[in-house]
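Protein chains in written order, with this note's numbering: chain A, 2 to 449; chain B, 4 to 318.
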C-alpha cells in the first residue's frame, strides 16, 4: 500500500529547491514515506503526480479533525485490526448529548458535568472531548441559541445534529470557526449538504440504513471533493452495530475499500434505554473500533471506567505507561510513617499504592524512574539497583519528611540491600514482600 | 454499491469441553471464529458466567459487593445455593481464599471438607480455585480431588511449578484442569504441552491466561487472549485450541476504584454502580477478547453481561 521513499522520489520534480523545508527531493520523499511530511509542502509537484501520490499515500482510514486549536479532536488513521499488531492510534471521542429542548437548569448541569468529570491518571488527564447538540425541537432559533450558549461556555469539540438541513446550515454559520461535525448527510439531503459544505467547510457524518448505502453516499461526497467524513452505519441494535464496526474496519484495512475508509460514530442510547446497559455498549465500542461514542448523559460511575478502559486499550503495547518519578503520599503520612520504594511501571505503581491504601497505614511511596519497567525487569536491567536507588534517595527530600531512617525495598530487589546499606549508611534497609498483595500484612507490623 | 464483506480465513476450531456432569453439565468452547464474529463463524456454546463464592467470610469487600450475599456470607454452602436459586448461576467458582499461607492458612483437610460440602450441595459444575502458592495448592487440591472423586470438579490453578502433582489428580479422578500462566502466549502453550505430555486428556483442559481489570493492566490480558485465539483459529495451533476462563471479579473488587465512596471522590459517581460497571465492563472487554467462562461476583453485573451476551448472539 504505502510507497517507498524511492517510488515517491520518482514522481517528484527533482528540483532540489528546498522550499519544502528539507534540502533535497530525496530527503522530502523519505519524509513523505515515513509520514513525517505533507505533499502540499512541495509547490512544484505536477497534478498528475499529486493524484498518484495521494491515492497511494492516503491512510486506509482517513484522519478527520473536529474543532481547532488545542482542543482539536482527531479520529481515524487506524492501521490494524488488533492492538498487538502495532497499536491503536486515535482513541475514540466521548461525546455528551445536549438537546435544544432541555430546560436551562438541565443544560447547565450537563455543561458543569462535562467540565468537572475529568480524572488524573499516570500524569494524564482523562476527559471527554465533544458535545453533541441535537435540534430536537426542530426550531431554528432554539438550535442557534443553544449552540451559542455551549460555544461560549466550553472549548469542546461540537457535533451539530438536525434532521432539518436549513437548521444545520444556520447552526454551522454560528460556529463554523469551531469546525463542528455535521450530522448527517443522508440519501434525502445529499445535494443540500454538498452545497452547504462546499460553501462552509466542515466534517460531515454520512448516515445510511446499511453499509451499501453508506458506501454509495461516501463515494458521491468524495466525488464532490468532500473528504472529511465519518460513518454512521444506521444500526439500531448492538449486534448489528458491533458487526458493522468490524466490517467497516476490515473492509478499509484488508480490502482497501475506500468508500468505508473513514472513522465511525455510534449512539449506544439508541440501542437501549438503560443507562447501565448503555455504558456496557459504549465499552464494547471502545474496544471494537468506535470513532466517536455519543452518550445520553455523563455520570462519574460510568464515564470514569469508560475513560480508563479507553486509556488501557489505546496504550501502545510497545511502550508501557510510566508514572512520574517522585515521592507520593498515600493517606496522611507523618514523620513516623514508613517509606517504600518501587519502580515506575504504572501497573506496579497502581498495585503498590493500592495495597498500601488497603493496609490503612499512611506511607511515603518513592517511585524511581525505571523507564517504565517493572521491579524485576528493571532490577535485571540494572535500572533498579543500589547504584541508582541510592543517589535518588539522597537527592530526594525524604530526609526531611521522616525522622526515622528505614527504607522498605521490594522483595524482588532484596539482592540490593547490601549495596544500599553501604551507599546509604544512615539508613536501615528493610526487605518488603515480593508480592504486593502481602504489603498490608507487612505494614501491619510497622514501627518507626 | 454492493459491499463485498471481508471475511477472515479460519483453519482451526476451539475444543468443546464439558464441565460437571448430569443434567446441569455445561459445555463451553467450539467456536470457529473470533469472539462473537458470528458473521464469520459459529459459537455453538455461549460464553458462561461462573458465580464466585468464597470459602470464608471476606473482610475486605466493599458494601456494594457484600450486600447481595450478606445473609449467607458465613456459609459457603448456603452462599453457593443462593447463587444458583436466586441468581440462576450455571457454574459456581469456589475461591479457596482461606488457604493462603500468608493469610488465614487453613489446613488442607479442613479446606477440602468445605469443598466437599459445597460440592455435595450442588448439581451445577463446581470450579475450585486455590491460592497460587505451589506447595499449598498441591496439598489442598490433591486432598480436594481425592475427597470429591466422581464429582468432575474443575480445578485451578495448575501452574508450571506444580503441574505434575496437580495434573495427576485430573488423570486419576477425571477432574478438569485450569492451566494457569502469567499473561504470556508462549507460556500458556508450553504448559498445555507439558500437561498433554503428562497424560492429561485434551477434553479436561481450560486456559487461564491470568487477567486483570480496567485500570490494572486489562490491555495485557486482552491482547494475550486475542493472540491465543488468533493462533488457535488461524494458525492451527492445536495446543492453544482450548476454552479460556477469566477469574476477573476478585481483581475488580479489590481495586481502589471499586472501593472509594462517593463522598471521598464525587467525580467518580455512585460507588455501587461504579463497582458494578467496573466489573461488567472488564468482563465485557474480556468477552470480546475470547473468554468462554467469566468468574463474576455482583448479581447486577452478571445480569448486564449475560444480557449483553444474549444480545450479541441473537439471531
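Don't be surprised by glycine CBs; every beta carbon is placed ideally from N, CA and C.
Please confirm whether residue i has its beta-carbon closer than 8 Å to some beta-carbon of chain A.
{"i": "residue 100 (chain B)", "result": "no"}
{"i": "residue 19 (chain B)", "result": "no"}
{"i": "residue 283 (chain B)", "result": "yes"}
{"i": "residue 9 (chain B)", "result": "yes"}
{"i": "residue 163 (chain B)", "result": "no"}
{"i": "residue 277 (chain B)", "result": "yes"}
{"i": "residue 317 (chain B)", "result": "yes"}
{"i": "residue 314 (chain B)", "result": "yes"}
{"i": "residue 307 (chain B)", "result": "yes"}
{"i": "residue 105 (chain B)", "result": "yes"}
{"i": "residue 291 (chain B)", "result": "yes"}
{"i": "residue 280 (chain B)", "result": "yes"}
{"i": "residue 6 (chain B)", "result": "yes"}
Which residues in chain B sit within 9 Å of residue i, going by Cβ to Cβ distance?
{"i": "residue 348 (chain A)", "result": "215, 219, 220, 223"}
{"i": "residue 359 (chain A)", "result": "63, 257, 259, 262"}
{"i": "residue 120 (chain A)", "result": "270, 271"}
Going by the DSSP bridge assignment, what does residue i pair with across the sheet?
{"i": "residue 265 (chain A)", "result": "A:232"}
{"i": "residue 329 (chain A)", "result": "A:366"}
{"i": "residue 30 (chain A)", "result": "DSSP output for residue 30 (chain A) lists no bridge partner at all."}
{"i": "residue 184 (chain A)", "result": "A:162, A:206"}
{"i": "residue 132 (chain B)", "result": "B:98, B:159"}
{"i": "residue 120 (chain A)", "result": "A:127"}
{"i": "residue 57 (chain B)", "result": "B:98"}
{"i": "residue 211 (chain B)", "result": "B:183"}
{"i": "residue 100 (chain A)", "result": "A:135"}
Alpha carbon to alpha carbon, what distance is there between residue j and residue i?
{"i": "residue 1 (chain A)", "j": "residue 115 (chain A)", "result": "Because chain A is modelled from 2 through 449, residue 1 (chain A) falls outside the range shown and cannot be assessed."}
{"i": "residue 8 (chain B)", "j": "residue 186 (chain A)", "result": "23 Å"}
{"i": "residue 43 (chain A)", "j": "residue 15 (chain A)", "result": "11 Å"}
{"i": "residue 231 (chain B)", "j": "residue 292 (chain B)", "result": "9 Å"}
{"i": "residue 436 (chain A)", "j": "residue 412 (chain A)", "result": "8 Å"}
{"i": "residue 99 (chain B)", "j": "residue 107 (chain B)", "result": "11 Å"}
{"i": "residue 416 (chain A)", "j": "residue 442 (chain A)", "result": "22 Å"}
{"i": "residue 275 (chain A)", "j": "residue 203 (chain A)", "result": "33 Å"}
{"i": "residue 117 (chain A)", "j": "residue 264 (chain B)", "result": "17 Å"}
{"i": "residue 154 (chain B)", "j": "residue 206 (chain A)", "result": "57 Å"}
{"i": "residue 286 (chain B)", "j": "residue 159 (chain B)", "result": "19 Å"}
{"i": "residue 174 (chain B)", "j": "residue 148 (chain B)", "result": "10 Å"}
{"i": "residue 159 (chain A)", "j": "residue 380 (chain A)", "result": "48 Å"}
{"i": "residue 146 (chain A)", "j": "residue 302 (chain A)", "result": "31 Å"}
{"i": "residue 2 (chain A)", "j": "residue 63 (chain A)", "result": "Confidence in residue 2 (chain A) is poor, its pLDDT being 43 and thus under 50, which makes the residue's placement unreliable; the coordinate value appears in the next sentence. Distance between the alpha carbons of residue 2 (chain A) and residue 63 (chain A): 14 Å."}
Just to make sure I have the definition right: I need the residues of chain B whose C-beta is within less than 7 Å of the C-beta of residue i. Which are they?
{"i": "residue 318 (chain A)", "result": "226"}
{"i": "residue 284 (chain A)", "result": "284, 287, 288"}
{"i": "residue 239 (chain A)", "result": "314, 315"}
{"i": "residue 244 (chain A)", "result": "42"}
{"i": "residue 228 (chain A)", "result": "By Cβ distance, chain B contributes nothing, its closest Cβ being about 17 Å from residue 228 (chain A), past 7 Å."}
{"i": "residue 212 (chain A)", "result": "6"}
Would you say residue i reaches chain B, if we count a Cβ-Cβ gap shorter than 8 Å as a contact?
{"i": "residue 407 (chain A)", "result": "no"}
{"i": "residue 355 (chain A)", "result": "yes"}
{"i": "residue 351 (chain A)", "result": "yes"}
{"i": "residue 310 (chain A)", "result": "yes"}
{"i": "residue 277 (chain A)", "result": "yes"}
{"i": "residue 2 (chain A)", "result": "Annotation note: pLDDT 43 at residue 2 (chain A) (below 50); position unreliable, no value reported."}
{"i": "residue 251 (chain A)", "result": "yes"}
{"i": "residue 90 (chain A)", "result": "no"}
{"i": "residue 445 (chain A)", "result": "no"}
{"i": "residue 314 (chain A)", "result": "yes"}
{"i": "residue 233 (chain A)", "result": "no"}
{"i": "residue 271 (chain A)", "result": "no"}
{"i": "residue 255 (chain A)", "result": "yes"}
Could you name the residues of chain A that residue i contacts, counting a contact when the two beta carbons are closer than 7 Å?
{"i": "residue 40 (chain B)", "result": "247"}
{"i": "residue 230 (chain B)", "result": "85"}
{"i": "residue 311 (chain B)", "result": "281"}
Could you check whether the Cβ of residue i sits closer than 7 Å to any heavy atom belonging to the ligand MN?
{"i": "residue 55 (chain B)", "result": "Ligands displayed in this structure: none; no statement on the ligand MN is therefore possible."}
What does residue i reach in chain A if we use C-beta pairs closer than 8 Å?
{"i": "residue 272 (chain B)", "result": "300, 301, 302, 303, 304, 305"}
Could you tell me which chain B residues have their CB closer than 8 Å to the CB of residue i, listed as they occur along the chain?
{"i": "residue 331 (chain A)", "result": "Neighbours of residue 331 (chain A) on chain B: none; closest Cβ ~10 Å, over 8 Å."}
Check: Does the count of Cβ pairs from the region 399-412 of chain A and the region 320-340 of chain A closer than 8 Å reach three?
Finding: yes
Check: Does the region 424-435 of chain A come close enough to the region 87-94 of chain B that 3 or more CB-CB pairs lie under 8 Å?
Finding: no
Check: Are the region 264-274 of chain B and the region 187-202 of chain B in contact at 8 Å, needing three or more beta carbon pairs?
Finding: no
Notebook entry, point to check: Using 8 Å as the threshold, is the region 181-193 of chain B in touch with the region 267-285 of chain A, meaning 3 or more CB pairs across them?
Noted result: no
Notebook entry, point to check: Counting Cβ pairs closer than 8 Å, one from the region 236-254 of chain B and one from the region 210-217 of chain B, do we hit at least three?
Noted result: yes
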